[in-house]
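First comes the structure, then the notes that go with it.
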Amino acid sequence: MSVLVTGGAGYIGSHMVLALIDRGERVVVLDDLSTSGRAITPAGVILVEGDVADQALLRRLLAEHGVTDVLHFAGSKVVPESVEDPLGYWRNNTAASRDLIEACVGAGVANFIFSSTAAVYGAAEAGLLPESAPTDPANPYGRSKLATEWILQDVSAATSLRHVSLRYFNVAGADPARRTGQRSPTATHLVKRACQAALGRLPFLGVFGDDYPTPDGTCVRDYIHVTDLVDAHALALDYLRGGGGSATFNCGYGHGSSVRDVIGAVEQAAGHKLPVRTLPRRPGDVATVVADASRIKAELGWTPRYDTLDQLVSHALAWESSLNSDG
Ligand code: UDP
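Just so you know, the sequence shown maps onto residues 411 to 737 in our numbering.
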């Protein structure tokens, strides 16, 4: 019995692998090392370099390691990139996932946890987004992930595979013990960039639009600490192993922060002002995306441990400081 973690060398996947090892699980990582650039898996973890769409590799790997559970993190996750390269997103997030799921069904995998996204909701109405909110993605990224949720629903209805789709809101921060974090120097997400700007590794931080219908005009997101997100996966795994039915859960805290709030928190953690410039809106962005997190709390007993912007940002900045300036 072992757990396959696709994308296990990447940002969120590497945190998950550490948590699984801490729980005493047998872990196999499948990663193409496209964003992590190098193998960083801890001792005791089997790393297979390859593509999740490689059916022959998957069949071999699932059988050889007796994989019972799959946590599928591998994929592409940058909204503006998806607008420029929709076919790449449909390939990496949808077609590759379909192939992986087919191999899992063939190998008799029992439980499948999928990294979905709040981007499936699209242009939100005011207020919190429950899982029952209409799905209407505003960009190819959200559509490519929603399509995979649908594949999983159809396959779970037709086979013995059961799944949980976790809809991530804005994942940020780093392992509090600094064992891993966001490694990719070209990551485009706000907290990473703000930390790079704080450390003088970016000339300035661009704010993409300050004319949104939000309290300070900048976009509002629900930033969730990566360690709390990993806890949610562990609970989802226990839930499926305990016989729980296929389900979808939001992963967010239920309160939002604006781009300017994030900048303020990074300035506070760094002890100085950031160089900031207001730029035009970024294609594909929506004004406000905040979770209704009541379902995951009620059904999985999820209790966040790092639910403040200050903790999230200070862990992200500590991690960023520990990297070389090119990393
Ligand atoms: N953002 C920004 N400057 C940056 C990166 C992001 O102003 O350098 C904004 C972006 O427009 C969005 C929010 O920060 O409103 C969160 O963006 P991010 O890329 O972190 O995550 P997304 O919400 O797109 O998944």
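Positions of the beta carbon are idealized from the N, C-alpha and C atoms, including for glycine.
As for any alpha helix (DSSP H) of minimum length 4 sitting wholly inside the region 411-499, the runs are 421-432, 465-474, 489-494 and 496-499, ordered along the chain. Every unbroken stretch of the beta strand (DSSP E) spanning 3 or more residues and falling wholly within the region 591-619 is given here in chain order: 615-618.
Unbroken beta strand (DSSP E) stretches of 3 residues or longer found wholly inside the region 503-537: 521-527, given in chain order. Put simply, the backbone Cα of H482 is about 15 Å away from that of S444. Inter-residue distance for L440 and V477 is about 12 Å (C-alpha atoms, whole angstroms). Exclusion of F659 from the 7 Å shell around ligand 1 follows from its C-beta lying no nearer than that to any non-hydrogen atom of the ligand. Residue pairing for S668: DSSP places it in a beta bridge opposite V630. The C-beta distance from L727 to V676 rounds to 7 Å, short enough to meet the 8 Å contact threshold. In the three-state reduction of the DSSP assignment, Y578 falls in the strand class. The three-state secondary structure of A701, taken from DSSP, is strand. The Cβ atoms of I511 and I431 lie no closer than 8 Å to each other.
Excluding its 5 nearest sequence neighbours in each direction, L645 has C-beta neighbours in its own chain below 6 Å: L710 and W712, listed in chain order. E494 counts as exposed, since fewer than 16 other beta carbons sit within 10 angstroms of its beta carbon. The Cβ atoms of D632 and H665 sit closer than 8 Å to each other. Contact between the region 527-546 and the region 563-574 is not established, with fewer than three Cβ pairs separated by less than 8 Å.
For L733, there is no enclosing beta strand (DSSP E), as DSSP marks it with neither H nor E.
By the Cβ-count criterion, L497 is exposed, with fewer than 16 other Cβ atoms from all chains shown falling within 10 Å of its own Cβ. A heavy atom of ligand 1 is found nearer than 7 Å to the CB of L600. Counting only the Cα atoms, V515 lies some 33 Å from Y663. About 14 Å separates the beta carbon of F618 from that of A607, a gap too long to meet the 8 Å contact definition. In the structure shown, L689 adopts extended strand secondary structure according to DSSP, grouped into three states. In the DSSP assignment, A568 falls within the unbroken alpha helix (DSSP H) covering P550 to A568. Within the DSSP bridge table, the entry for H635 names A582 as partners. CA-to-CA, the gap between T590 and N734 works out to about 14 Å.
Just measuring C-alpha positions, the residue of D626, Y421 and F522 sitting nearest L650 is F522.
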